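Following: one structure in structure tokens, then a few remarks.
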Amino acid sequence: MEPVFANGASNQSEMPFALVQGEPLTVIPQDLYIPPDALLVFLEAFEGPLDLLLYLIKRQNIDVLNIPIAAITKQYMEYIHLMEQLELELAAEYLVMASMLAEIKSRMLLPRPVTDDDEEDPRAELVRRLQEYEQFKQAAEDLDALDRLEREIHLTSIDIPKFEIDVPLPEININDLMSAFRDVVNRAEQFAAHHVEREPLSVRERMVIVLERISAEEFSSFADFFDPREGRMGVVVSFIAILELLKESLIELVQSGPYAPIYVKANG
Amino acid sequence: MDADKLRSILEALFAAADKPLSVNQLFELFVGDIEQPGKDEIRKAIHELQARYESGGMELKQVASGFRLQVRPEFETWVARLWEQKPPRYSRALMETLALIAYRQPITRGEIEDIRGVSVSSNIIKTLQEREWVKPLGHKEVPGRPTLYGTTREFLDYFNLKSLNQLPTLAEIRDLDQFNPEFEFDDSGEAAAQ
Amino acid sequence: MDADKLRSILEALFAAADKPLSVNQLFELFVGDIEQPGKDEIRKAIHELQARYESGGMELKQVASGFRLQVRPEFETWVARLWEQKPPRYSRALMETLALIAYRQPITRGEIEDIRGVSVSSNIIKTLQEREWVKPLGHKEVPGRPTLYGTTREFLDYFNLKSLNQLPTLAEIRDLDQFNPEFEFDDSGEAAAQ
Numbered sequence: 313m314e315p316v317f318a319n320g321a322s323n324q325s326e327m328p329f330a331l332v333q334g335e336p337l338t339v340i341p342q343d344l345y346i347p348p349d350a351l352l353v354f355l356e357a358f359e360g361p362l363d364l365l366l367y368l369i370k371r372q373n374i375d376v377l378n379i380p381i382a383a384i385t386k387q388y389m390e391y392i393h394l395m396e397q398l399e400l401e402l403a404a405e406y407l408v409m410a411s412m413l414a415e416i417k418s419r420m421l422l423p424r425p426v427t428d429d430d431e432e433d434p435r436a437e438l439v440r441r442l443q444e445y446e447q448f449k450q451a452a453e454d455l456d457a458l459d460r461l462e463r464e465i466h467l468t469s470i471d472i473p474k475f476e477i478d479v480p481l482p483e484i485n486i487n488d489l490m491s492a493f494r495d496v497v498n499r500a501e502q503f504a505a506h507h508v509e510r511e512p513l514s515v516r517e518r519m520v521i522v523l524e525r526i527s528a529e530e531f532s533s534f535a536d537f538f539d540p541r542e543g544r545m546g547v548v549v550s551f552i553a554i555l556e557l558l559k560e561s562l563i564e565l566v567q568s569g570p571y572a573p574i575y576v577k578a579n580g
Numbered sequence: 025m026d027a028d029k030l031r032s033i034l035e036a037l038f039a040a041a042d043k044p045l046s047v048n049q050l051f052e053l054f055v056g057d058i059e060q061p062g063k064d065e066i067r068k069a070i071h072e073l074q075a076r077y078e079s080g081g082m083e084l085k086q087v088a089s090g091f092r093l094q095v096r097p098e099f100e101t102w103v104a105r106l107w108e109q110k111p112p113r114y115s116r117a118l119m120e121t122l123a124l125i126a127y128r129q130p131i132t133r134g135e136i137e138d139i140r141g142v143s144v145s146s147n148i149i150k151t152l153q154e155r156e157w158v159k160p161l162g163h164k165e166v167p168g169r170p171t172l173y174g175t176t177r178e179f180l181d182y183f184n185l186k187s188l189n190q191l192p193t194l195a196e197i198r199d200l201d202q203f204n205p206e207f208e209f210d211d212s213g214e215a216a217a218q
Numbered sequence: 025m026d027a028d029k030l031r032s033i034l035e036a037l038f039a040a041a042d043k044p045l046s047v048n049q050l051f052e053l054f055v056g057d058i059e060q061p062g063k064d065e066i067r068k069a070i071h072e073l074q075a076r077y078e079s080g081g082m083e084l085k086q087v088a089s090g091f092r093l094q095v096r097p098e099f100e101t102w103v104a105r106l107w108e109q110k111p112p113r114y115s116r117a118l119m120e121t122l123a124l125i126a127y128r129q130p131i132t133r134g135e136i137e138d139i140r141g142v143s144v145s146s147n148i149i150k151t152l153q154e155r156e157w158v159k160p161l162g163h164k165e166v167p168g169r170p171t172l173y174g175t176t177r178e179f180l181d182y183f184n185l186k187s188l189n190q191l192p193t194l195a196e197i198r199d200l201d202q203f204n205p206e207f208e209f210d211d212s213g214e215a216a217a218q
């Protein structure tokens, strides 16, 4: 195998530096010589095939107008393989680009008929797309750099004496709240990554009550959170709430010895 | 620090703050700066600002907990018209955030963002807190120690609920939708009839 | 109306309002008053106020939907210390989509995807609409009638702009022929080696 980069080759590139699925890797570009975790983050940082291609081109200080298509195709394919080996979810667009590059490459290898003046450089369409993408990538950065509300620009919050002016507050009814909840849950379910499980509200409410009663400075008695008058269900709800808070590391339970009183304290 | 600059920074702080600011609080805001003003400098700058606001539409008023920039009461007539003209409404984003806090409390802003799939603007949380429907309950012990939010007693009172248990469950909301998408919740008689 | 008084009332209104106010909106607020100022008087008073806020901690800024009193960005360092919450951040994917909508409106989702070379998640479009930065403008009369999107006044307000003309200029697209007339087809022998 030949070194990937014309001027970046060194004797290191012949040494297998990693085994990926049992296969020694020797041809990773040198600027990828970074820990696998970082590599993952790095590869995921691309906004798509055009972004990756632009990166490959910029890294070598090549003018977009004069892409060495063979070299770039090769590097691109290496990244694609790497992504596959790392089992990154590879968007179909990356593969479409790979075949487009392969096609351009093969067309460039064909001898061009001298008479055919009209035929466009096979790279023209790719160059156009790269330039257009680059243009908006830059525009997005420029836009992001503008002063904007909540970041550089703060609105004034000048007090209006309340006793003088009664500014009406927006009214909502419980219907609106219900439909908002339904919508957000429906939407969340469409994205399988999120789940909103149904959990008895009473436990959530009890969690809040417990949180409100405790502090980080002093201990509260565990027993005080159980009121026999609430009956068995009430006690169970309190107990589950405390366990849940413990699981989420929101509280700490302390006991000085076996059968000693248990105390509850806010974490931190 | 140059007196002009200090005065401008204080003016910016009074304009942006939603609470009165005391000399001590202001002093603390500069701690760590290379040009850290002393309390006397801050007091002097405040007096200069007060003099500047002697006329115009605003005044820098001293109240119990500090100084605040406020609209001069004599312009009430016009300021009130500002609200008469447009009955305010809450955004969809605010409603969804409130619903998630109500149903999933204690919950962090990040968790709300995860479920909604979009970021939640600071203004929404601020508005909900100002309305006293939502309050911070503490911090979650994860990196960054994000604030945990929950609903308040005022929230329950507003909706005439005795406890959060009285909020319909998700299954109930969906069932009701199927029968009657225009379901009126506050009309309890009709609800029971479904 | 006396110019001093009008200026003070306007200052009070800008201080109290939570949205930018246009000259028309301001004019409407005086309708019915005995001393009703004309739009020109209002414009003049606004310019005087702007001059007055040329220094200090605030500025009276003109954005797309009117004028608003805001904290001068240069004092952001101190103002940010008032709040613990960090401003929301937006992903590159979202900013690129927003940039395309801003510069190429009206544009369909498919057209955005063509230029970016990847699909645009529905969440991004939803976030942009929810923030009221982007709105549907209609449908493109092609098969499938895809929605055309454009930016809103709120988008300009948020980014502190008066009009789309104030957006940073786009980089130039260079012409292939123009810059590389001697376009070498064979990649200097490397291609041949493959």
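Chains as they are written, first to last, in the numbering used here: chain A, 313 to 580; chain B, 25 to 218; chain C, 25 to 218.
Ideal Cβ placement from N, Cα and C applies to all residues, glycine included.
Source: prediction; values computed, not measured.
In terms of alpha-carbon separation, which member of the options lies closest to residue i?
i	options	result
C/I66	C/E83, C/G56, C/G81, C/S46	C/S46
B/A88	B/P44, B/R116, B/A75	B/P44
B/I136	A/A414, A/D433, A/R499, A/A572	A/R499
B/Y182	B/A126, B/G80, B/E78	B/A126
C/L193	A/L442, A/A414, A/K449, A/Y571	In the sequence under discussion, the amino acid at residue 193 of chain C is Thr, which differs from the Leu named in the question. When each option's Cα is compared against that of C/T193, the closest is A/K449.
A/V376	A/I392, A/A414, A/R435	A/R435
B/A195	A/V497, A/G543, A/I552	A/V497
C/T171	C/P130, C/A123, C/D138, C/K68	C/P130
C/R140	A/E432, A/L438, A/L421, A/P423	A/L438
B/E120	A/A492, A/L442, A/N485	A/A492
B/R128	A/S514, A/K417, A/P473, A/I484	A/S514
C/S143	A/Q447, A/R419, A/L402, A/A410	A/L402
A/E556	A/R544, A/V566, A/V522	A/V522
B/P160	B/R133, B/K186, B/I197	B/R133
B/L152	B/T176, B/L34, B/G168, B/A104	B/T176
A/N579	B/R169, B/I148, B/L118, B/Y173	B/R169
Going along the chain, which residues of its own chain have a beta-carbon closer than 8 Å to the beta-carbon of residue i, five neighbours each way excluded?
i	result
A/R510	Per-residue confidence for A/R510 stands at a pLDDT of 46, beneath the threshold of 50, marking its modelled position as unreliable; no derived number is given.
A/A382	K417, M420
A/L481	none
Look at residue i and residue j and say whether their C-beta atoms are less than 9 Å apart.
i	j	result
C/L2	A/L455	Residue 2 of chain C cannot be examined here, being either before or after the span of chain C that is shown, 25 to 218.
A/K577	A/S527	yes
B/S146	A/E462	yes
B/A41	B/R76	no
A/L413	A/M395	no
A/I554	A/F534	yes
B/S79	C/D28	yes
A/E464	C/N184	yes
A/L587	A/L398	Residue 587 of chain A lies beyond the range of chain A shown here (313 to 580); nothing can be said about it.
C/F99	B/L37	yes
B/E108	B/Q94	no
C/K188	B/W102	Contrary to the premise, residue 188 of chain C reads as Leu rather than Lys in this sequence. No, the Cβ-Cβ distance between C/L188 and B/W102 is not below 9 Å.
A/A410	A/P361	yes
A/L364	A/Y406	yes
Quick one: residues in its chain with C-beta nearer than 7 Å to the C-beta of residue i, no 5 flanking neighbours on either side, listed in chain order?
i	result
A/S550	R518, F537, F538
C/F51	K63, I66
B/E59	M25
B/R31	A69, E72, L73
A/E359	none
Leaving out the 5 sequence neighbours to the left and right, which residues in its chain are closer than 6 Å to residue i when beta-carbon positions are compared?
i	result
C/F179	W157
A/V547	F538
Sorry if obvious, but does the Cβ on residue i come closer than 8 Å to a heavy atom of the ligand COA?
i	result
C/V103	For the ligand COA, the structure offers nothing, since it holds no ligand at all.
Write down every uninterrupted run of the beta strand (DSSP E) in the region 163–204 of chain B whose length is 3 residues or greater and which is fully enclosed by it, in chain order.
-> 171–175
In chain order, what residues of the region 106–140 of chain B put their CB closer than 8 Å to some CB of chain A?
-> W107, P111, P112, R113, Y114, R116, M119, E120, L122, A123, L124, A126, Y127, R128, Q129, P130, D138, I139, R140
Whole runs of the alpha helix (DSSP H) within the region 59–143 of chain B, excluding any shorter than 4 residues = 63–76, 100–109, 116–128, 133–140
Could you name each continuous alpha helix (DSSP H) segment of 4 residues or more that falls completely within the region 441–506 of chain A, going from the start of the chain to the end?
-> 486–502
Could you list the residues in the region 76–96 of chain B with a C-beta less than 9 Å from some C-beta on chain C, going in chain order?
-> R76, S79, G80, G81, M82, L93, Q94, V95, R96
Note down, in chain order, all residues in the region 155–170 of chain B with a beta-carbon under 8 Å from any beta-carbon belonging to chain A.
-> R155, L161, G162, H163, K164, E165, V166, R169
Contact list for the region 549–577 of chain A against chain B, Cβ threshold 8 Å = E560, S561, L562
Of all the residues that make up the region 190–201 of chain B, which are near chain A by a beta-carbon distance shorter than 8 Å?
-> L191, P192, T193, L194, A195, I197, R198, D201
Which residues, in order along the region 173–187 of chain B, keep a beta-carbon less than 9 Å from a beta-carbon of chain A?
-> G174, T175, Y182, F183, N184, L185, S187
What residues from the region 28–60 of chain B come within 8 Å of chain C, judged by C-beta to C-beta, listed N to C?
-> D28, R31, S32, I33, L34, E35, A36, L37, F38, A39, A40, A41, L53, F54
Cβ-based contacts, 9 Å cut-off: residues of the region 451–464 of chain A near chain C | A451, A452, E453, D454, L455, D456, A457, L458, D459, R460, L461, E462, R463, E464
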